[in-house]
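Okay, so here's the structure we're looking at.
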Amino acid sequence: MDVAAGLAWAFQDVMAEWYLGDYGTPSSLLETADQFDVVAMATFPEEGPGMPLQRQLVERAAPPHQRLLLGVHNPVQLLASAQWLPEMLLKQVLAQPAQAQVAPAAGSGPPANDGRTAATLPPQVQLVALSPNVAAYTRSLLEAWAGGMRPGPTPILDVPWLPPLVPWSHSPAAGGSSDGDGSREGGQRGISSSSEHGGSSSSSSGKDGAYRHLCIQGSIHPTRRDYAAAFAAASHPAVLAQLARGNESLLLVGGLRREEPVPPIPDALRPFEYYDTLSRCRAILTAFPDTDAYLVNKSSSTLAAAITVGVPLVAEERVFVAYSYLQQQAAFAYDSPPGAAEHYPAAEAAAAAAGIVAAQTPQARLARRALRGGDDAIAELPAGDVEAAEAAEDGEQAQDEHLNEEEERDQQQQQQQQRSWLSPWQQQPENEQPEQEAGQPEAGSYSAALLRAFEPGAAAAAHEAARSLKVELMQQNVEVARQFLLGAAARAAAAALEATARAGTG
Numbered sequence: 004m005d006v007a008a009g010l011a012w013a014f015q016d017v018m019a020e021w022y023l024g025d026y027g028t029p030s031s032l033l034e035t036a037d038q039f040d041v042v043a044m045a046t047f048p049e050e051g052p053g054m055p056l057q058r059q060l061v062e063r064a065a066p067p068h069q070r071l072l073l074g075v076h077n078p079v080q081l082l083a084s085a086q087w088l089p090e091m092l093l094k095q096v097l098a099q100p101a102q103a104q105v106a107p108a109a110g111s112g113p114p115a116n117d118g119r120t121a122a123t124l125p126p127q128v129q130l131v132a133l134s135p136n137v138a139a140y141t142r143s144l145l146e147a148w149a150g151g152m153r154p155g156p157t158p159i160l161d162v163p164w165l166p167p168l169v170p171w172s173h174s175p176a177a178g179g180s181s182d183g184d185g186s187r188e189g190g191q192r193g194i195s196s197s198s199e200h201g202g203s204s205s206s207s208s209g210k211d212g213a214y215r216h217l218c219i220q221g222s223i224h225p226t227r228r229d230y231a232a233a234f235a236a237a238s239h240p241a242v243l244a245q246l247a248r249g250n251e252s253l254l255l256v257g258g259l260r261r262e263e264p265v266p267p268i269p270d271a272l273r274p275f276e277y278y279d280t281l282s283r284c285r286a287i288l289t290a291f292p293d294t295d296a297y298l299v300n301k302s303s304s305t306l307a308a309a310i311t312v313g314v315p316l317v318a319e320e321r322v323f324v325a326y327s328y329l330q331q332q333a334a335f336a337y338d339s340p341p342g343a344a345e346h347y348p349a350a351e352a353a354a355a356a357a358g359i360v361a362a363q364t365p366q367a368r369l370a371r372r373a374l375r376g377g378d379d380a381i382a383e384l385p386a387g388d389v390e391a392a393e394a395a396e397d398g399e400q401a402q403d404e405h406l407n408e409e410e411e412r413d414q415q416q417q418q419q420q421q422r423s424w425l426s427p428w429q430q431q432p433e434n435e436q437p438e439q440e441a442g443q444p445e446a447g448s449y450s451a452a453l454l455r456a457f458e459p460g461a462a463a464a465a466h467e468a469a470r471s472l473k474v475e476l477m478q479q480n481v482e483v484a485r486q487f488l489l490g491a492a493a494r495a496a497a498a499a500l501e502a503t504a505r506a507g508t509g
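With the working numbering applied, the sequence shown covers 4 to 509.
Have a look at this one:
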C-alpha cells in the first residue's frame with residue numbers, strides 16, 4: 004500500500020490539472036486497460052492470485068501508446084517466481100529501443116522531408132525500483148542474464164528508482180500542525196518547503212523537547228529486524244540513563260501477527276496513530292537483519308517511513324552506500340561491525356546471473372535432458388554438449404542455492420532471535436533505572452549513535468535535515484514520473500502519426 008501511494012502521488016502531482024481519479028475492480032481492468040496510457044503495478048511480480056492478472060496485462064497485445072510501469076521490490080524474483088517471466092523480460096523490458104517517426108519538438112529546427120524526425124521510443128515496459136541498490140542490482144542482473152541468453156550486444160537497461168513517499172501531516176487528534184496537502188506552492192503539491200509534513204508541531208518546532216523515544220518501525224518479526232543488536236546498543240548504561248532522564252523508551256511501532264512469537268513489549272508502547280507516533284520519535288533505527296539483503300537486493304520500508312514523517316535514522320555506514328540518497332545530516336551514523344562485508348549490488352547481480360544463464364540456455368536444457376536420460380543418451384551427445392550439460396547442472400544448483408540462501412538465513416536468524424528477542428534488556432532487573440552514566444560508549448559504536456540523538460539541538464537539526472531530504476526526494480520522484488509520462492506521450496504521438504500515414508496510403 005505504501006508503494007502504491009508513493010507511485011500515485013508522484014504521477015498525480017504531474018497530472019494534477021486534469022487527473023480526476025477512478026476505481027475499478029481487478030476483473031474489470033482487462034476490459035478497460037487499452038484506454039489507459041499508463042498501467043502501473045506497485046509490486047511486480049505479485050505472488051498469489053494477483054500474478055495471473057499481471058501476466059495477462061503484460062503479455063497481451065497492448066496498444067502502441069501504452070506504457071507499463073512495474074515496481075520491483077526484490078529482483079531475484081524476476082527470474083525465479085514464474086516460468087513466463089524470463090521470456091517476457093527478454094521480449095519486453097530488454098527489447099532494443101524501437102525507431103519511429105515522430106513530430107519534431109517545438110524549436111528543434113526545420114523539419115526534414117515530411118516534417119517528421121526519426122527518434123528512439125522508450126520501451127513499452129519499464130521497471131522501476133524503490134531504492135538505488137535495488138535499481139543497480141536489477142539492471143546488472145538482467146543485463147548480464149540477457150547478454151548470456153542471446154547473441155548480439157548486451158542491452159542497456161534503464162531502471163530508475165523512486166522511494167515511496169507521500170505528503171503527510173499530523174492527524175487532527177494528534178494536535179500537530181497541518182500544512183495542507185493541497186498546497187501547490189512552488190509548483191509542487193505538498194512539498195512547498197523544507198518544513199512540510201515533517202512531523203514537527205507548530206508549537207514546538209525546532210526544539211528537542213518535541214521529540215521523544217527511540218523507535219523501530221515495521222512488522223514485528225524476528226527475521227525482519229535485528230532486535231538483539233538494537234536492544235544491546237540501547238542497554239548501554241549511558242543510553243539507559245538518557246532514556247530514564249526524560250522518561251523515554253525504545254518503542255516497537257508496527258504490526259504483529261498473532262501466530263508469531265510475541266516479544267515482551269515495553270509498557271511505554273501504546274496504540275497511537277502509526278505515523279503520528281513515528282513523527283515524534285527522536286530517531287528511527289534501521290535495525291536491518293544480518294542477512295545484508297537490504298543492502299543488496301531489497302529496499303527498506305524503514306527509510307521510506309522515516310523520511311515520510313521527517314525523522315532522522317540511526318544507521319550503519321554501509322546503509323549510506325546502498326541508499327545513496329540518504330544524507331549524513333539526516334541520520335545518526337555508526338561504524339559497520341568488524342568483518343562486515345562490503346557489498347556491490349551490480350557485481351553480485353552479475354555473478355548471480357552467470358549461474359542462471361548456465362541453467363537456462365536452450366543448449367543447456369537439451370543437454371541436461373540427455374544427461375538425465377542415462378549413459379545411452381549421453382553417448383549420443385558431442386563431448387562439448389556433455390560438458391555444457393554438466394556445467395548447466397552446476398549452474399542450476401548454484402541458482403537454487405542463490406534463490407534459497409535468503410530463506411535459509413532467515414530461518415536460522417528466526418531460530419536464534421526467537422530464543423532471545425530482547426535478551427539484553429531482560430537482564431536488567433524490573434523497574435531498575437541507572438542512576439548515572441557509567442562511562443561513555445566507544446566512539447563510532449551503535450550506542451554512541453543513539454546517544455547523539457540526545458545531544459542538545461541534535462534531534463531538532465536532524466529532523467529539519469530529514470524534512471529537507473524529503474522535499475528533494477519527492478521532487479525527484481515527480482521527475483521520474485514526468486519522464487515516464489513524456490515517454491508515454493512520445494509513444495502516443497508516434498502511434499497517431501503511423502495511423503495517419505496508413506490512412507493516407509490506404
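Glycine residues also receive a C-beta, built at the ideal position from the N, C-alpha and C atoms. Owing to the predicted nature of the structure, the values given are computational and were not obtained by experimental measurement.
Going by the DSSP bridge assignment, what does residue i pair with across the sheet?
i: cysteine 218; result: Leu254 and Ile287
i: valine 41; result: Arg70
i: tyrosine 518; result: Outside the modelled stretch of the chain, which goes from 4 to 509, sits residue 518, for which no answer is possible.
i: glutamine 129; result: Leu72
i: tryptophan 164; result: Ala132
Measure how close the beta-carbons of residue i and residue j come, nearest whole angstrom, since I'm counting them as under 8 Å.
i: leucine 168; j: asparagine 480; result: 6 Å
i: leucine 281; j: cysteine 218; result: 6 Å
i: arginine 485; j: valine 128; result: Actually they do not touch by this definition, with Cβ atoms about 19 Å apart.
i: serine 302; j: leucine 82; result: Not a contact, Cβ separation roughly 18 Å.
i: proline 126; j: tryptophan 164; result: Actually they do not touch by this definition, with Cβ atoms about 17 Å apart.
i: leucine 10; j: valine 42; result: 11 Å between Cβ atoms; not a contact.
i: alanine 452; j: alanine 336; result: 6 Å
i: alanine 73; j: leucine 124; result: Alanine is not the amino acid found at residue 73; the sequence shown has leucine there. Wrong, their Cβ atoms sit about 18 Å apart, outside the cutoff.
Go to residue i, then tell me how far its alpha helix (DSSP H) extends in each direction, as first and last residue.
i: leucine 259; result: That residue, leucine 259, is in no alpha helix (DSSP H); it is neither H nor E in DSSP.
i: tyrosine 278; result: 277 to 282
i: leucine 298; result: 296 to 299
i: alanine 525; result: Only positions 4 to 509 of the chain appear in the structure, and residue 525 is not among them; the question remains open.
i: aspartate 5; result: 5 to 17
i: serine 31; result: 29 to 35
i: tyrosine 230; result: 230 to 237
i: arginine 248; result: 240 to 248
i: serine 304; result: 304 to 312
i: arginine 58; result: 53 to 62
i: leucine 97; result: Element bounds for leucine 97: n/a, residue is neither H nor E.
Just the Cα atoms here: how many angstroms apart are residue i and residue j?
i: aspartate 293; j: proline 154; result: 39 Å
i: histidine 346; j: valine 299; result: 7 Å
i: isoleucine 287; j: alanine 13; result: 25 Å
i: leucine 243; j: arginine 285; result: 15 Å
i: proline 432; j: alanine 247; result: Because proline 432 carries a pLDDT of 46, less than 50, the predicted location of this residue cannot be relied on, and the following value inherits that uncertainty. Rounded to whole angstroms, proline 432 to alanine 247 spans 14 Å at the Cα level.
i: leucine 323; j: valine 162; result: Position check: residue 323 holds phenylalanine in this sequence, whereas leucine was assumed. Computed Cα separation, rounded: 20 Å.
i: alanine 493; j: arginine 455; result: 50 Å
i: glutamate 146; j: leucine 500; result: 32 Å
i: glutamine 476; j: glutamate 482; result: The identity of residue 476 in the sequence shown is leucine, whereas the question assumes glutamine. Those two C-alpha atoms are separated by around 10 Å.
i: proline 47; j: methionine 54; result: Reading off the sequence shown, one finds phenylalanine at residue 47, where the question assumed proline. Using only the alpha carbons, I get a separation of about 8 Å.
i: valine 137; j: phenylalanine 291; result: 15 Å
i: glutamate 90; j: alanine 98; result: 11 Å
i: alanine 241; j: phenylalanine 457; result: 11 Å
i: glutamine 69; j: aspartate 40; result: 4 Å
i: threonine 508; j: histidine 76; result: 46 Å
i: threonine 141; j: alanine 318; result: 24 Å
i: alanine 85; j: glutamine 95; result: 16 Å
i: alanine 464; j: glycine 212; result: 12 Å
i: glutamate 2; j: glutamine 332; result: Lying outside 4 to 509, the shown extent of the chain, residue 2 is not represented and no answer is given.
i: serine 450; j: alanine 334; result: 14 Å
i: alanine 236; j: glutamine 220; result: 17 Å
i: histidine 216; j: arginine 470; result: 19 Å
i: alanine 344; j: tryptophan 148; result: 25 Å
i: histidine 224; j: leucine 93; result: 36 Å
i: serine 304; j: alanine 65; result: 32 Å
i: glutamate 438; j: leucine 329; result: For glutamate 438, the predicted model reports a pLDDT of 44, less than 50, meaning its position is unreliable; a value from the coordinates is still stated below. Distance between the alpha carbons of glutamate 438 and leucine 329: 36 Å.
i: glutamate 62; j: glycine 313; result: 40 Å
i: alanine 350; j: proline 341; result: 22 Å
Does the Cβ of residue i lie closer than 7 Å to at least one heavy atom of the ligand PLP?
i: alanine 336; result: By its list of ligands, the structure shown contains no ligand whatsoever, and the ligand PLP lies outside what it can speak to.
What are the complete alpha helix (DSSP H) segments, minimum 4 residues, inside the stretch 437 to 503?
-> Scanning the stretch 437 to 503 from its first residue to its last, the whole alpha helix (DSSP H) runs of 4-plus residues come out as 449 to 455.
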